[in-house]
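K.L.:
This is the structure I want to talk about, given as C-alpha cells.
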Amino acid sequence: MRHEERVKAAHAFTERFRRPPRVGARAPGRVNLIGEHTDYNEGLVLPCAIDRDTVVWAAPGEGRRVRIHSLTNGETAEFETGALARRGAWVDYVQGAVFALGPESVPGADLLVASDVPTGSGLSSSAALGVALVHALAALRGEPLEPRDAAVLAWRGESEFVGVPCGVMDPMASALGRAGCALRIDCRSLQVTRVPLAEGRAALLVADSGVRRELASGSYGNRRAECEAALAEARAAGIGAAEARSLRDFGLDDLPALERALAPVALRRARHVISENARVEAFCAALAQDDLAAAGARLREGHRSLRDDFEVSTPELDALCAIGDALPGVYGSRLTGAGFGGCSVHLADPERADAAAEALAAGFAERFGRRPPVLRAAPSEGASLLSAPA
Ligand code: ADP
Ligand code: MG
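Mind the numbering: the sequence shown is residues 146 to 535 in our numbering, read in order.
Okay, here's the thing in C-alpha cells:
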C-alpha cells in the first residue's frame, strides 16, 4: 500500500479503538513464477513478493481479548486468546497467528487490517495476512521475529489452525522477498536463494481468470494424495534410490522406467513434478544468462505440463496463456498458483507490457464476455515492521 494509505489505516485504528496503534507490520502478496505443485513434494519453487501488501496496526488490548477489524471486508471480530476455536471465517487467520505464537504468550490486542492484495485470487492474501499478523503480535509483546520464523509461524497458523492444506512457499515469499528478485526455495531444506529478475528488461503481468478456486475443497488434496500414490507405485516397482521419500528424489532419467511401470494417472502426476523441478533449474539458468526467450519457453512448457499431466488448468487459464503467448513482447505464460482457477503469469518486455496487458484483457473479453483484471507486478521487498505514525 502507498504510505498515505497506511497512514489512513492507522487513523482508522485510532478512531475505532480510541487510541493510536503502537506497532505495525506489512507483508506482501506473491506470485509464483515457476515450480507449481512441487512444494509438498519437497521440490523447488520460484516465487517473488509483489508490490501489493497487507498492513496490520496493533496496540495492547484488554486482558486476553483480541479484537480485530478489517478495512478489506468491513468486518469486526473478537476472541479470547485462552479460548481459540475455529469458526470457518477470516478471524481464523487471526486465531491461527495467536495459536502459532503460543496462545499463553500472546497478550490481548486491538488490531486493524488494510490491504491492496486481492483476496482469493491466488496472490496469497492469506499468507500476507498471516505474516503481517505474526510480525505485529510478536512486536507487540516485545519479541520481534526473524523473517524465516515469521514465515513458519504464519504457515503453521494457516495449515494447522485454519485448516488449509497449504505449502510453506507463500509465507516464505512474503516474509523473505527482495526487490528485483525472485526466491528459489528448496522446499526440502528450506534453503532460499535470491535470483535477480533481469531488472529493467523483464516485466510481470498477472491476469485473474475470475474463476475462484477453493483450496480447502477436494481437488488440491486429491493431487497431493495422487503424488503420494505415484511415489508408492514407483517405490514398489523398485525405481529410483532405495531411500526415496518424495517425488523430489526422482530425476528426468527415471522417466523411462516410470513410464513403463506406473499406471497412467500416477505417471502423469509424477512426470509433472519431476519435469517441473528441472524447469525451475532451467528457468534460473536462463535468467542467469539473461536469456529471456529461454526463460519464457520454460514457462510455456510448465503450463502445458500443468494442463496435460497435472490436469489443474481451466479453459479460462488456457485462454489467457494462449492469448499471452501470441502477443509480441510476451516471452512466456503459465497458470500460477494451485490452478483450478486463479491467475496466469506472463513474462513480458517492459516496453510492451502495458499494451500486452490491454490485449490480454481484450482477447479474454472477446471470448468470455468479461474483462479480467490484469496487474503489472514488481518483485518487491518482503515483510517489515512499521512504526506508528506520530
Ligand atoms: P489467496 O491467499 O489466494 O488470496 P485464500 O482463499 O487462500 O486466497 O485466502 C483468502 C482469505 O484470507 C479470505 O477469504 C479471508 O478469509 C482471508 N483474508 C486475506 N486477506 C484478508 C484481509 N485483508 N481481511 C480479511 N480477511 C482476509
Ligand atoms: Mg492463500
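For glycine and all other residues, C-beta sits at the position ideal for the given N, C-alpha and C.
(1) By alpha-carbon positions, which one of A528, S532, L520, P524 ends up nearest to P263?
(2) Give me the DSSP bridge partner(s) of T338.
(3) Out of R512, V168, F513, L349, point me to the one whose CA is closest to P534's CA.
(4) Quickly, what does DSSP pair V239 with across the bridge? List them, please.
(5) Which residue wins for smallest C-alpha separation from V475, given the options T481, I213, G363, A500?
(6) Within the same chain, show all residues whose beta-carbon is closer than 6 Å to that of G178, passing over the 5 residues directly before and after it, in chain order.
(7) For A361, is the classification buried or exposed, using 16 other Cβ atoms within 10 angstroms of its Cβ as the cut-off for buried?
(8) Kindly indicate which three-state DSSP category E223 falls into: helix, strand or coil?
(9) Run through DSSP, which three-state label would A361 get?
(10) Among D196, A299, P173, which has the Cα closest to the Cα of D237?
(11) Quick check: the Cα distance between I384 and G287, rounded to an integer number of angstroms?
(12) How many Å lie between R293 and E303 at the Cα?
(13) Under 8 Å between the Cβ atoms of D315 and R175?
(14) Less than 8 Å between the CB atoms is what I'm expecting for L505 and L465, so what's the real figure, rounded?
(15) What are the start and end residues of the beta strand (DSSP E) that includes G174?
(16) Please state if the CB of G469 and the CB of S478 are separated by a distance shorter than 8 Å.
(17) Should L274 be listed as close to ligand 1, given that the test is whether its C-beta is under 7 Å from any heavy atom?
(18) Would A280 be called buried (16 or more neighbouring beta carbons within 10 Å of its own) or exposed?
(19) Considering only C-alpha positions, which residue in the set T183, G487, R333, T217 is nearest to S548?
(20) What three-state label does DSSP hand E526 in the structure shown?
(21) Comparing alpha-carbon positions, which option in L392, R369, M146 lies nearest G188?
(22) For L444 and A245, I'd like the C-alpha separation in whole angstroms.
(23) Do G363 and ligand 1 come close, with the Cβ less than 7 Å from some heavy atom?
(24) Among R380, R339, S354, G484, which residue has its Cα nearest to the Cα of L451?
(25) Classify L531 as buried or exposed, calling it buried when 16 or more other Cβ atoms lie within 10 Å of its own Cβ.
(26) Cutting at 8 Å between CB atoms, please list the residues of its own chain near E496, excluding the five before and the five after it.
(27) Among S334, F428, V251, which residue has its Cα nearest to the Cα of Y185?
P.N.:
This is what the structure gives:
(1) On the sequence shown, residue 263 is found 118 positions in, with the first residue counted as 1. Out of A528, S532, L520, P524, L520 has the C-alpha closest to the C-alpha of P263.
(2) If you number the sequence shown from 1, residue 338 lands on position 193. Per DSSP, R329.
(3) What you label residue 534 is simply residue 389 of the sequence shown in a count that begins at 1. Looking at the Cα atoms, V168 is the closest of the given residues.
(4) Here residue 239 refers to the residue found at position 94 of the sequence shown. In DSSP, V239 forms no bridge with anything.
(5) Numbered from its first residue, the sequence shown carries residue 475 at position 330. Between V475 and the set T481, I213, G363, A500, the nearest pair of CA atoms involves A500.
(6) Position 33 of the sequence shown, counted from the start, is the residue given in the question as residue 178. As written in the sequence, residue 178 is Leu, which differs from the Gly given in the question. Only residues of its own chain outside the window of five on either side were considered, and among them L191, A327 have a CB closer than 6 Å to the CB of L178, listed in chain order.
(7) The count along the sequence shown starts at 1 and reaches residue 361 at position 216. Low confidence applies here, because A361 scores a pLDDT of 46, under 50, leaving its location unreliable; read the following figure in that light. Label assigned to A361: exposed.
(8) Here residue 223 corresponds to residue number 78 of the sequence shown, with the count starting at 1. DSSP places E223 in strand when its eight states are reduced to three.
(9) By one-based count along the sequence shown, residue 361 stands at place 216. Its pLDDT being 46, under 50, A361 is placed unreliably by the model, and nothing is read from it.
(10) Counting from 1 along the sequence shown, the entry for residue 237 is found at position 92. In terms of CA proximity to D237, A299 leads the group D196, A299, P173.
(11) Counting from 1 along the sequence shown, the entry for residue 384 is found at position 239. Counting from 1 along the sequence shown, the entry for residue 287 is found at position 142. Between the alpha carbons of I384 and G287 lies a distance of about 52 Å.
(12) In the sequence shown, residue 293 corresponds to position 148, counting from 1. In the sequence shown, residue 303 corresponds to position 158, counting from 1. Looking at the backbone, the Cα of R293 and that of E303 are separated by about 16 Å.
(13) Along the sequence shown, read from residue 1 onward, the residue named residue 315 stands at position 170. Along the sequence shown, read from residue 1 onward, the residue named residue 175 stands at position 30. In terms of Cβ geometry, D315 and R175 form a close pair [threshold 8 Å].
(14) Here residue 505 is taken as the residue at index 360 of the sequence shown, counted from 1. Here residue 465 is taken as the residue at index 320 of the sequence shown, counted from 1. About 6 Å; that satisfies the 8 Å criterion.
(15) As a position in the sequence shown, residue 174 is number 29, starting the count at 1. For G174, the enclosing beta strand (DSSP E) stretches over residues 168-179.
(16) Residue 478 sits at position 333 when you count from the first residue of the sequence shown. Residue 469 sits at position 324 when you count from the first residue of the sequence shown. The beta carbons of S478 and G469 sit closer together than 8 Å.
(17) Counted from its first residue, the sequence shown places residue 274 at position 129. Residue side-chain check: L274 places its Cβ nearer than 7 Å to a non-hydrogen atom of ligand 1.
(18) The sequence position of residue 280 within the sequence shown is 135, counting from 1. Checking the sequence shown, residue 280 turns out to be His, not Ala. Classification of H280: buried, given that the 10 Å Cβ count is 16 or more.
(19) What is shown of the chain runs 146 to 535, which leaves residue 548 out entirely.
(20) Locating residue 526 in the sequence shown gives position 381, counting from the first residue. Of the three classes helix, strand and coil, the one that applies to E526 here is coil, per DSSP.
(21) As a working mapping, residue 188 is identified with position 43 in the sequence shown. Distance from the Cα of G188 is smallest, within the candidate group L392, R369, M146, for L392.
(22) In the sequence shown, the residue the question calls residue 444 occupies position 299. In the sequence shown, the residue the question calls residue 245 occupies position 100. Rounded to whole angstroms, L444 to A245 spans 35 Å at the Cα level.
(23) The count along the sequence shown starts at 1 and reaches residue 363 at position 218. No.
(24) The sequence position of residue 451 within the sequence shown is 306, counting from 1. Distances from the alpha-carbon of L451 to those of R380, R339, S354, G484 put G484 closest.
(25) In the sequence shown, residue 531 corresponds to position 386, counting from 1. Under this definition L531 is a buried residue.
(26) Here residue 496 is taken as the residue at index 351 of the sequence shown, counted from 1. Apart from the 5 residues on each side of it in sequence, E496 sits with its Cβ closer than 8 Å to the Cβ of G474 in its chain, given in chain order.
(27) In the sequence shown, the residue the question calls residue 185 occupies position 40. Here the closest residue by C-alpha is S334.
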